[in-house]
Amino acid sequence: MTTQLLIDADFVLFRDCSAARREHVWTNQAGHKVHTISASFDEALENFTQSVEGYVKKLFADEAILVFSGDANFRKEVWPLYKANRAATMKPPCYWGIIDHLRAEGRYRVVSEPCLEGDDYIGILATRPSGVRRVIVSEDKDMQTLPDANIWRQDKLVETNEESADHFWRLQTLMGDTTDGYHGCPGIGPVSAEKVLAKPGDPWENILDAYRKACAKKPEALTAAGVETPEDLALLNARLARILRHTDWDGQARRPILWTPPEA
10 MTTQLLIDAD FVLFRDCSAA RREHVWTNQA GHKVHTISAS FDEALENFTQ
60 SVEGYVKKLF ADEAILVFSG DANFRKEVWP LYKANRAATM KPPCYWGIID
110 HLRAEGRYRV VSEPCLEGDD YIGILATRPS GVRRVIVSED KDMQTLPDAN
160 IWRQDKLVET NEESADHFWR LQTLMGDTTD GYHGCPGIGP VSAEKVLAKP
210 GDPWENILDA YRKACAKKPE ALTAAGVETP EDLALLNARL ARILRHTDWD
260 GQARRPILWT PPEA
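This note's numbering applies: residue 10 is where the sequence shown begins, and numbers increase by one.
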């Protein structure tokens, strides 16, 4: 069976361009010290190419697909503050130039979708039925919300199934992810989230019950999120925590299908 790598190219290229960055300190005519940053395009490209080929060799892959993020992330329509803490983070030198080079060169398949983060595009591709074995190469823990996935992360292969993926997604729905700018259920951490999900009954109803109880104690959480009810807050966090699967994508309209709870 053919093995296809779905590489989180946003992360890998950022890392490898950063490694080629150099800081220079010089004195201008006024006698002031000036710090400038430069980078070798060839060095950054070589770093990245070596990384990709290393993954191909280590994982016995036949093909590597480089997945980049688009520039109109749909999650910012769902929650305007999504990843707002990263807005000021600049890409390292050579980053955009290397993407242009990779597209023109044609050595690897380079893909992106305007409204999607690379993570979501990877999720759609990874869960789409096919006769190809796909391995996700990503350090993002949220990839574990994808069912029946093979994920190369922290130098080991992580395998998920539908049960483990849904459990991880529900945990994130309860705990939130402050690095991505959403905060989950007020007062809920890893231990209490596990307790909520260990209760008998429908998992979504148990999540809603946790949000209702938490928001009764901290109603300001609703105002902070710009929603009216605990149910709205739970749904907001569930949508932000979920990496898109192929069933969450309208290929004709080229738009996500936002997750909706099953009817009771």
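C-beta atoms are modelled at their ideal positions from N, C-alpha and C, and glycine is treated no differently.
Cβ neighbours of residue i in the same chain (closer than 6 Å, five flanking residues each side left out)
i, result
"residue 152", "145 and 160"
"residue 272", "none"
"residue 72", "13"
"residue 11", "71 and 141"
"residue 192", "185"
"residue 221", "239"
"residue 119", "75, 111 and 112"
"residue 33", "45"
"residue 27", "101"
Residue i (DSSP reduced to helix, strand or coil)
i, result
"residue 237", "coil"
"residue 201", "helix"
"residue 122", "coil"
"residue 60", "helix"
"residue 253", "coil"
"residue 48", "strand"
"residue 266", "coil"
"residue 226", "helix"
"residue 137", "coil"
"residue 19", "helix"
"residue 272", "coil"
"residue 232", "helix"
"residue 116", "coil"
"residue 211", "coil"
"residue 33", "strand"
Assigned exposure category for residue i - 16 Cβ within 10 Å defines buried
i, result
"residue 246", "buried"
"residue 258", "buried"
"residue 264", "exposed"
"residue 184", "buried"
"residue 126", "buried"
"residue 89", "exposed"
"residue 35", "exposed"
"residue 78", "buried"
"residue 132", "buried"
"residue 136", "buried"
"residue 182", "buried"
"residue 81", "exposed"
"residue 207", "exposed"
"residue 39", "exposed"
From the options, residue whose alpha carbon lies closest to that of residue i
i, options, result
"residue 100", "156, 192, 234 and 24", "24"
"residue 262", "122, 93, 52 and 66", "122"
"residue 57", "206, 29 and 22", "22"
"residue 19", "41, 219 and 60", "60"
"residue 211", "225, 176, 125 and 226", "176"
"residue 223", "235, 209 and 205", "205"
"residue 76", "88, 65, 147 and 140", "147"
"residue 173", "162, 189, 182 and 155", "155"
"residue 149", "138, 137 and 164", "164"
"residue 244", "254, 255, 267 and 252", "267"
"residue 251", "31, 27, 47 and 87", "87"
"residue 45", "31, 52, 54 and 53", "31"
"residue 65", "229, 117, 37 and 260", "117"
"residue 15", "39, 33 and 62", "62"
"residue 203", "179, 217 and 233", "179"
"residue 128", "17, 237 and 39", "17"
"residue 69", "80, 209 and 166", "166"
"residue 218", "241, 188, 143 and 200", "241"
"residue 162", "67, 269, 256 and 270", "67"
Cβ shell of residue i (< 7 Å), same chain only, five flanking positions each side left out
i, result
"residue 85", "91"
"residue 94", "190"
"residue 41", "none"
"residue 170", "156 and 157"
"residue 29", "48, 49, 52, 53, 56 and 103"
"residue 37", "43"
Same chain only: Cβ atoms within 8 Å of residue i, ignoring 5 sequence neighbours per side
i, result
"residue 195", "223, 224, 226, 227 and 230"
"residue 254", "132, 133, 136, 155 and 156"
"residue 139", "none"
Item checked: Inside the stretch 64–99 only - alpha helix (DSSP H) runs reaching at least 4 residues -> 84–87
Notebook entry, point to check: What residue ranges within the stretch 145–187 form continuous alpha helix (DSSP H) runs of no fewer than 4 residues, ordered along the chain?
Noted result: 171–184
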